[in-house]
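In the UniProt record's numbering, the protein residues as written are 1 to 578. Here's the structure, in structure tokens; my notes come after.
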Amino acid sequence: MLKTYNKNPYSDFPDLEFLLNEIYDAVIIADKNEKIIFYNKNLKNIINIKNKNIIGTQYHKIFKDYSEIKNFIEEKDKIEKEIMIDGKYILLKKFLYKSKNNNTYYILILKDVTLQEDSKHQLEKLKESLEMIEELLDNAYYGMTIVDENGKIVKWNYEKFMGIKEEDVLGKYVYEVIDNTRLHIIAKTGKKELCQIQKIQGNHVITSRIPIIKNGKIIGAAGTIIFKNLDEVKSLAQKLKLLEDTLHKYKGEISRMYSAKYSFDDIITQDEKMMSVIKIAKKAANTNSTILIQGESGTGKELFAHAIHNASPRNHKSFVTINCAAIPRELLESELFGYENGAFTGAKKSGKIGKFELANGGTILLDEIDSMPLDMQAKLLRVLESKEFERLGSNNRINLDVRIIASTNENLEEAIEKGKFRRDLYYRLNVIKIEILPLRKRINDIPLLIQHFITNLSKELNIKPKTISDEAIKILTMHKWLGNVRELRNVIERTLSLTTSDIIEPKHLPEYLLKNMQLESKKKKNNLSLKEIIAKTEIEIIKKTLKDCNGNKSLAAKKLGIHRTALYKKIKNYNLDL
Numbered sequence: 001m002l003k004t005y006n007k008n009p010y011s012d013f014p015d016l017e018f019l020l021n022e023i024y025d026a027v028i029i030a031d032k033n034e035k036i037i038f039y040n041k042n043l044k045n046i047i048n049i050k051n052k053n054i055i056g057t058q059y060h061k062i063f064k065d066y067s068e069i070k071n072f073i074e075e076k077d078k079i080e081k082e083i084m085i086d087g088k089y090i091l092l093k094k095f096l097y098k099s100k101n102n103n104t105y106y107i108l109i110l111k112d113v114t115l116q117e118d119s120k121h122q123l124e125k126l127k128e129s130l131e132m133i134e135e136l137l138d139n140a141y142y143g144m145t146i147v148d149e150n151g152k153i154v155k156w157n158y159e160k161f162m163g164i165k166e167e168d169v170l171g172k173y174v175y176e177v178i179d180n181t182r183l184h185i186i187a188k189t190g191k192k193e194l195c196q197i198q199k200i201q202g203n204h205v206i207t208s209r210i211p212i213i214k215n216g217k218i219i220g221a222a223g224t225i226i227f228k229n230l231d232e233v234k235s236l237a238q239k240l241k242l243l244e245d246t247l248h249k250y251k252g253e254i255s256r257m258y259s260a261k262y263s264f265d266d267i268i269t270q271d272e273k274m275m276s277v278i279k280i281a282k283k284a285a286n287t288n289s290t291i292l293i294q295g296e297s298g299t300g301k302e303l304f305a306h307a308i309h310n311a312s313p314r315n316h317k318s319f320v321t322i323n324c325a326a327i328p329r330e331l332l333e334s335e336l337f338g339y340e341n342g343a344f345t346g347a348k349k350s351g352k353i354g355k356f357e358l359a360n361g362g363t364i365l366l367d368e369i370d371s372m373p374l375d376m377q378a379k380l381l382r383v384l385e386s387k388e389f390e391r392l393g394s395n396n397r398i399n400l401d402v403r404i405i406a407s408t409n410e411n412l413e414e415a416i417e418k419g420k421f422r423r424d425l426y427y428r429l430n431v432i433k434i435e436i437l438p439l440r441k442r443i444n445d446i447p448l449l450i451q452h453f454i455t456n457l458s459k460e461l462n463i464k465p466k467t468i469s470d471e472a473i474k475i476l477t478m479h480k481w482l483g484n485v486r487e488l489r490n491v492i493e494r495t496l497s498l499t500t501s502d503i504i505e506p507k508h509l510p511e512y513l514l515k516n517m518q519l520e521s522k523k524k525k526n527n528l529s530l531k532e533i534i535a536k537t538e539i540e541i542i543k544k545t546l547k548d549c550n551g552n553k554s555l556a557a558k559k560l561g562i563h564r565t566a567l568y569k570k571i572k573n574y575n576l577d578l
């Protein structure tokens, strides 16, 4: 039934109810305030209004998404638009109507065109598929011929190769058109023939022939020319050779990636204890024994590991490092030993080679070994003792021939007592122990390292080398260097980068170094005896007074309230250089 206001609108719309209900499309009529005054029975087929009475409702409230409809209504030049309503394609038309009584009405007509649109889309997809197939056939290799089960040609694009148009061969037997063809035989036997040499019009070509099977029945065959002459095969072979050469090049680059960069010559020291450590490391390099390198963070543990590998008989093989603290616990085993396809969720389809496999024949550095979980320590111990391992997801055992170097900045013996490190693994790793001194215990090396870093970093930063003042060196020498050589290198790099002067002075050094020095000086001052404090104070007063008097000793003595001879005596006793 037609829904209306209680007032009688038929003065403006005679025969309205009859007309609207005869129309197949949905119709809404609204007054100038956009309130619905009429709608026909077909509206419920477009919009889910159930049995609600929507008379008097503003029409935008009956649509879930009114924004697109609102934009359309506000467009004066457009009278129809296709929109989506509740998953249906709806053709929306609008009219503005003024009655004889000078009343203004909005008329909306909604037509469901979903079936037409779906059909149109299906036809478009089918057309695209056919065009794609035609394009494929027209461009496949150097030619493609398709025959039916009787060997008659149904598709032909050998025109470029043979100079014969498709319309001239369709329906003919293939052996009447192509020399030495076997395509009609394939259409009978169903046996494919791949990469066969065939002579066509005096040219030796490479062809492939395959049967076309539908529902288990042979309905034809397809033949393609892969190479139109043997020269192309030779060209491909040359390209393959080029690819092999490129692969060899990349293998070389990968080999360089897994090679040690440093030697013992790169360890800068003149400290006797450090020289003894290097001597031990050089002896250890010539053995296959497991080495444990212990030292604070930044002392150069990895540098020693590189040097040991390069001085060893394994120096032509891989040097692989893995930081046990940087790998998540759940991934550490797969990183160390690799995995096969499908070993765990997220695993690569091709699998992955582990660090031990990469290092096989060479050296592996297990950095921060103290961070390795206990369960992983047990697996590592088993591998070290059995000298074989398996990838995750595989039962194939891989023989292991690798030199193990482990490093740590922790005291492993204390970690054992706390239950954080396995005692048996510790003894397995601690065959040869190399302990690297912290920088604060090799103070004589600091000036040497400063000059080394200034020279090398100036080249890296592409800047002019600078000199450094004795005062700045003194400050750097007095610093505790908890970050060791790494911290010193960073300080020199920062200073070189930010200093415009040719000479590095104390003022150019990081502020925290200067503050630390002041604190140290204050501590030393607090530890002085009374006699030392008096002498230090007296020296400072004499120096200041002489400066105020422009070096006039008589005037200075007078200001200090002492005899000039007494002043001369103090200057001599304190060895003041004035």
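All C-beta atoms in this analysis are idealised placements derived from N, C-alpha and C, irrespective of residue type, glycine included.
Asked	Found
E27 - containing beta strand (DSSP E), residue span	Residue identity check: residue 27 is Val in the sequence provided, not Glu. Per DSSP, V27 belongs to the beta strand (DSSP E) from A26 to D31.
Strand pairing of A222, partner residues [DSSP]	I146 and I210
First through last residue of the beta strand (DSSP E) which encompasses Q196	E193 to I200
CA-to-CA distance, E124 to K98, given in whole angstroms	42 Å
Cβ contact (3+ pairs, closer than 8 Å) linking the segment 207-218 and the segment 165-177	no
Beta-carbon spacing of N341, G354 below 9 Å	no
Identity of the residue in L392, F389, E388 and N430 nearest I369 by Cα	N430
Euclidean distance between Cα positions of H508 and E413	42 Å
Integer Cβ distance of E417 from N399, believed to fall under 8 Å	At roughly 36 Å, the Cβ-Cβ gap does not stay under 8 Å, so E417 and N399 are not in contact.
Bridge partners - W156, DSSP secondary structure assignment	T145
Uninterrupted alpha helix (DSSP H) stretches inside the segment 379-412 (no shorter than 4 residues)	none
N- and C-terminal bounds of the beta strand (DSSP E) containing T84	Before going on, a small fix: residue 84 reads as Met here, not Thr. From DSSP, the beta strand (DSSP E) with M84 extends over E80 to I85.
Among D548, R442, L43 and T104, nearest to A30 - alpha-carbon criterion	T104
For D148 and A140, the rounded distance between their alpha carbons	Reliability fails at A140, whose pLDDT of 49 lies under 50, so the model's placement of it is uncertain and the value that follows must be treated cautiously. About 19 Å.
Own chain partners of V383 with C-beta closer than 6 Å, once the 5 adjacent residues on each side are dropped	F389
K241 in three-state terms, based on DSSP	helix
Residue burial classification, C195 (beta-carbon count within 10 angstroms, cutoff 16)	exposed
Selected residue, minimal CA-CA separation from E74, among P328, A415 and F95	F95
Three-state secondary structure assigned by DSSP to I432	strand
Touch test, the segment 290-298 against the segment 460-480, Cβ-Cβ under 8 Å, three pairs minimum	no
Per DSSP, cross-strand counterpart(s) of N323	D367
F304, DSSP secondary structure in three states	helix
Spatial neighbours of R423 in its chain, beta-carbon cut-off 6 Å, leaving aside the 5 residues before and after	I416
Euclidean distance between Cα positions of I267 and L303	8 Å
Cβ distance (whole Å) where L366 is taken to contact A406 below 8 Å	5 Å
Element boundaries [alpha helix (DSSP H), containing Q451]	D445 to E460
Delimiting residues of the alpha helix (DSSP H) encompassing Y568	R564 to N573
Nearest-angstrom Cα separation, counted from E505 out to Y568	34 Å
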